[in-house]
Structures are given as C-alpha cells and as structure tokens.
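The structure appears right after this line, and notes come after that.
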Amino acid sequence: MTKQISAEIISIGTEILLGVLTDTNSVYMAQALRDLGVNVYFMSSVGDNEARIASVVRVALSRADVVITCGGLGPTVDDMTREAVARAVDKKLVFHVELLEQIAERFGRYRTKMTENNKRQAYLPEHAMVIENPVGTAPAFSVELEDQSIICLPGVPREMKFLFQEKVIPYLKTRYTLTDVIHIRTLKTAGIGESMLDEMLGLELLNGANPSIGLAAHMGQIDIRITAKAGTLIRAQELISPIESAIRQRVGKYIFGADEDVMESVLLNLLQKHQLTLDIVECGIEKSIQQRLLAIEPTSSQWRAHHYATLEDLRQFLNASPQSTKLELGQQIVDEFMPANSQSVVMAIVSEAGIDESDINAGTIIVVATAKGRRERSFGFGTHYDQFAQLVGNWGFAIAWSMLVDLLEEAP
Numbered sequence: 003m004t005k006q007i008s009a010e011i012i013s014i015g016t017e018i019l020l021g022v023l024t025d026t027n028s029v030y031m032a033q034a035l036r037d038l039g040v041n042v043y044f045m046s047s048v049g050d051n052e053a054r055i056a057s058v059v060r061v062a063l064s065r066a067d068v069v070i071t072c073g074g075l076g077p078t079v080d081d082m083t084r085e086a087v088a089r090a091v092d093k094k095l096v097f098h099v100e101l102l103e104q105i106a107e108r109f110g111r112y113r114t115k116m117t118e119n120n121k122r123q124a125y126l127p128e129h130a131m132v133i134e135n136p137v138g139t140a141p142a143f144s145v146e147l148e149d150q151s152i153i154c155l156p157g158v159p160r161e162m163k164f165l166f167q168e169k170v171i172p173y174l175k176t177r178y179t180l181t182d183v184i185h186i187r188t189l190k191t192a193g194i195g196e197s198m199l200d201e202m203l204g205l206e207l208l209n210g211a212n213p214s215i216g217l218a219a220h221m222g223q224i225d226i227r228i229t230a231k232a233g234t235l236i237r238a239q240e241l242i243s244p245i246e247s248a249i250r251q252r253v254g255k256y257i258f259g260a261d262e263d264v265m266e267s268v269l270l271n272l273l274q275k276h277q278l279t280l281d282i283v284e285c286g287i288e289k290s291i292q293q294r295l296l297a298i299e300p301t302s303s304q305w306r307a308h309h310y311a312t313l314e315d316l317r318q319f320l321n322a323s324p325q326s327t328k329l330e331l332g333q334q335i336v337d338e339f340m341p342a343n344s345q346s347v348v349m350a351i352v353s354e355a356g357i358d359e360s361d362i363n364a365g366t367i368i369v370v371a372t373a374k375g376r377r378e379r380s381f382g383f384g385t386h387y388d389q390f391a392q393l394v395g396n397w398g399f400a401i402a403w404s405m406l407v408d409l410l411e412e413a414p
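This is the structure we're talking about:
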C-alpha cells in the first residue's frame with residue numbers, strides 16, 4: 003500500500019441517539035475495514051438534521067481518506083443524507099431519471115406501489131456515482147474528491163452488509179490499492195484487574211506501534227488485544243509472536259485462553275485433563291456459572307450445579323446455625339461436597355443482594371477447594387449495582403478460576 007489509508011464511519015439517525023436502535027452497522031464496518039488494513043480512528047453518530055450531518059461529514063473529510071455514512075437514504079423527509087453530503091462538498095443535487103426507473107422497477111418486483119416521495123431517492127449530489135442496491139429500494143452512492151471518497155450506504159443492516167461486501171470492498175481495493183492486512187491476537191485473562199494488568203505489562207509493551215497492544219475490560223475478564231499490520235497474514239503473525247511471548251512471560255498465570263476461547267470451555271478441558279469432577283455452589287445470585295457451562299455442555303458427568311436463592315436456603319440445606327457467616331458457610335460447603343478422594347473440586351460463591359458489603363461478614367465469599375487444599379477470598383462487589391447478580395457471577399467465576407489454577411499448580 004502506497005500510504006496508510008484511514009476511514010471514518012458516520013451512523014445517521016435520531017433513533018440511534020435516543021437509544022431506540024443499537025448501532026451494529028458501525029461495528030460491522032469497522033471490523034471489515036480492519037481486515038482490509040484500513041485504519042479507523044473515529045466513529046460518530048448524528049441525528050436527522052441536514053446541517054449537523056453536513057458538519058460531521060466536513061470534519062470527517064478533514065482527517066480521513068474515506069468517509070462512510072450509514073442511514074438516511076430513505077424516501078421520507080427525515081432522510082437527509084443526500085442533501086447533507088451535497089451541502090458538505092458544495093455540490094448541488096441532480097435528478098437521475100434512470101435511478102427513478104430502477105426504483106420503480108424494484109417496487110414493481112416487490113408488487114408494492116411506489117409513492118410520490120420515493121422520487122426524492124433519485125436525487126444525488128452532482129457527479130456522484132450510483133451504487134446499485136439489488137437487495138433494497140434505497141440507492142447508495144459515492145462521491146470522489148481527488149484522493150478522498152465519501153460512500154453512503156443504507157441503514158438497513160441486511161442491505162448495508164450486502165453492499166459493503168459486494169460493492170464497497172472491491173471499490174476500496176481498486177481505488178486505494180489495498181494490500182496490507184491487519185491481524186489481531188487476543189489473550190484473555192481472569193483474576194486480575196485492569197490497572198494491575200496494565201502495570202505488569204509495562205509501558206515498553208503498551209506503547210508499541212506495530213504491533214500495538216490494547217486492553218478491553220469485561221465483567222471479570224480483561225482481554226489483551228495485540229494488533230499487527232503487514233503485507234501478508236504470515237508476516238503479521240510473525241510480528242505478533244514475540245510480543246505474545248513477552249506478555250505470557252509477564253502475566254501468563256492470569257491468561258486462561260486466546261481468541262475464541264471462553265472460560266467455561268477451558269475449565270471443562272482442565273477438569274478432563276486432570277480427571278476431576280466439579281461441584282459448583284451459587285448462593286444469593288443467579289445461576290451464572292451453571293448457565294454458562296450448560297451452554298457448552300448440557301449434560302455431563304464432569305460437573306454438578308447447586309443453587310440456593312438465599313442464605314437461609316443454604317443454611318437450611320447445610321443444617322447450619324442462623325448466625326453462621328458466609329465464610330463459615332463456605333467452609334461447610336467444602337465439607338459437604340468434598341468427598342474423601344482426590345478427584346473432586348468445589349467452587350462456591352456465597353453472596354446476597356441489597357446489603358452493605360463493607361466488612362468481611364457482609365461481603366461475597368468465594369471458596370475453591372481441591373485435594374491439595376482450599377482458598378477463600380472475600381469481596382465487596384457493590385450490591386446496589388443494577389446488574390449485581392451478573393457482576394458477582396462473572397467476577398466470582400474469574401476469581402475462582404484463578405484460585406483453582408493456583409491450587410492445581412502447587413507442588414504435591
């Protein structure tokens with residue numbers, strides 16, 4: 003590639019800003035552009051307002067080679083992309099008779115009557131090139147400005163994806179002689195917070211340009227994303243390899259998988275490797291771990307799940323004192339589910355919503371036990387958080403995983 007090509011994506015529609023629709027189109031296009039070796043530095047959303055759309059397009063043209071808009075190409079008065087793009091590049095709108103005929107032909111094919119307002123879709127900015135849309139009635143178009151391009155696509159995801167794959171990608175490859183590829187390797191960690199992970203990796207790794215490293219935090223999981231750009235996939239992988247090795251040397255104990263791996267699959271593989279069975283006990287939260295394992299392996303002799311809606315339910319099952327703390331209950335769970343053999347693992351998360359978790363007796367208790375020993379940790383996860391059960395389930399699973407790995411790696 004003769005130069006680094008950058009693109010900017012603009013999603014258009016007031017319904018996106020109101021939270022009525024989720025903008026999945028921009029994510030799809032960003033991933034496709036990444037695979038083409040095109041840098042995406044900015045994405046924005048703007049409502050159905052001609053002046054604001056035109057302003058956003060102008061700003062995008064000031065910093066990107068390719069500007070891709072999505073939405074606002076319909077026939078109604080709030081579909082303003084055509085007018086706004088013409089305004090942004092100081093062009094007038096031109097009526098295309100042949101475009102109107104194509105629109106009419108599609109309506110006829112669908113056995114639907116074309117209304118008068120559909121004629122608006124036959125107007126495009128002067129010198130615009132039509133991008134024929136065989137899967138919908140909204141014509142797409144592109145505008146070339148010396149070495150820059152504006153590409154305007156419909157907002158219907160099915161139409162956008164088809165046009166992007168069939169029309170936009172070939173166009174970009176030809177116009178910009180795209181030859182580079184961008185390859186991403188994702189290492190997945192559990193049992194460590196983002197700030198500690200950042201510190202352990204260090205500035206030397208994190209400030210690299212190619213490959214670059216980024217962290218993406220999820221509930222209970224931090225992804226380390228390594229991105230490399232090169233002329234071939236093999237070369238990109240070669241650039242990533244020494245960086246991945248350096249990362250594993252520094253934080254390898256927290257890495258449970260890579261790319262498409264999920265913790266529940268890795269856990270089941272670990273149990274099988276060590277010929278272990280697992281009892282999962284969840285109290286005071288939803289069946290978070292159980293549901294994740296069921297999605298991977300609906301029936302299994304490797305694991306059993308036990309769920310108790312409240313602490314009282316758990317105390318009753320264990321025949322425990324009404325005054326027993328969560329830590330004491332965790333110890334009793336191990337005694338109950340840990341038979342006298344070396345092939346069992348117990349994971350327990352004991353919690354309850356709606357309380358003050360400022361002390362150990364009120365916090366969430368996570369207990370993991372194997373024949374080699376047990377680990378207990380107490381956390382205050384913030385019980386008034388509106389997704390408390392999911393938060394505790396995900397973080398609890400991640401921490402329990404880390405504790406289990408520590409136990410299994412201990413010398414006999």
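Per my numbering, residue 3 is the first one in the sequence shown, and the count goes up by one each step.
All residues carry an ideal CB built from backbone N, CA and C; glycine is no exception.
Same chain, Cβ closer than 8 angstroms to residue 191, five either side skipped, listed in chain order | Within the same chain, residue 191 has close Cβ partners 199, 223, 224, 225, 226, 253, 256, 257 and 258.
Name, in chain order, the residues that DSSP records as bridge partners for residue 188.
-> Note: residue 188 sits in a beta bridge opposite 227.
Report back the beta-carbon spacing between residue 65 and residue 44 to the nearest angstrom; my notes put them in contact at under 8 angstroms.
-> In this structure residue 65 touches residue 44 by the C-beta definition: roughly 7 angstroms separates them, less than 8 angstroms.
Which of the three DSSP states, helix, strand or coil, is assigned to residue 349?
-> Strand, per DSSP.
Count the CB pairs spanning the segment 151 to 164 and the segment 70 to 84 that are closer than 8 angstroms, and state whether there are at least three.
-> Three or more beta-carbon pairs separated by less than 8 angstroms link the segment 151 to 164 to the segment 70 to 84, which places the two stretches in contact.
What do you reckon, are the CB atoms on residue 174 and residue 196 nearer than 8 angstroms?
-> In terms of Cβ geometry, residue 174 and residue 196 do not form a close pair [threshold 8 angstroms].
Enumerate in chain order the residues of its own chain whose CB-to-CB distance from residue 54 is below 7 angstroms, with the five nearest sequence positions on each side excluded.
-> Cβ within range, chain order: 48.
Can you tell which of 286, 248 and 101 has the C-alpha that lies nearest to the C-alpha of residue 367?
-> Taking only the C-alpha atoms, the option nearest residue 367 is 286.
Straight-line CA distance for residue 323 to residue 351?
-> The alpha-carbon atoms of residue 323 and residue 351 are separated by roughly 19 angstroms.
Please classify residue 376: does DSSP put it in a helix, a strand, or coil?
-> For residue 376, the three-state secondary structure derived from DSSP is strand.
Could you tell me whether the segment 239 to 246 touches the segment 314 to 322, using the rule of 3 or more Cβ pairs below 8 angstroms?
-> No: the two stretches stay apart, fewer than three of their Cβ pairs being nearer than 8 angstroms.
Do three or more CB pairs link the segment 208 to 217 to the segment 226 to 235 at distances below 8 angstroms?
-> The segment 208 to 217 makes contact with the segment 226 to 235; the number of CB pairs closer than 8 angstroms reaches 3 or more.
Just the Cα atoms here: how many angstroms apart are residue 417 and residue 400?
-> Residue 417 lies beyond the residue range present for the chain, which begins at 3 and ends at 414; the question has no answer from this structure.
Considering residue 238, what are the terminal residues of the beta strand (DSSP E) in which it resides?
-> Unbroken run through residue 238 is the alpha helix (DSSP H), 235 to 253; no beta strand (DSSP E).
Please go through the same chain and pick out, in chain order, the residues whose beta-carbon is closer than 6 angstroms to the beta-carbon of residue 208, but skip the five residues on each side of it.
-> Taken in chain order, the residues that qualify are 215.
Cβ-heavy atom distance between residue 253 and the ligand FMN below 7 angstroms?
-> This structure lacks the ligand FMN; in fact it carries no ligand of any kind.
Can you tell me which of the three DSSP states residue 407 falls into?
-> Residue 407 falls in the helix class under three-state DSSP.
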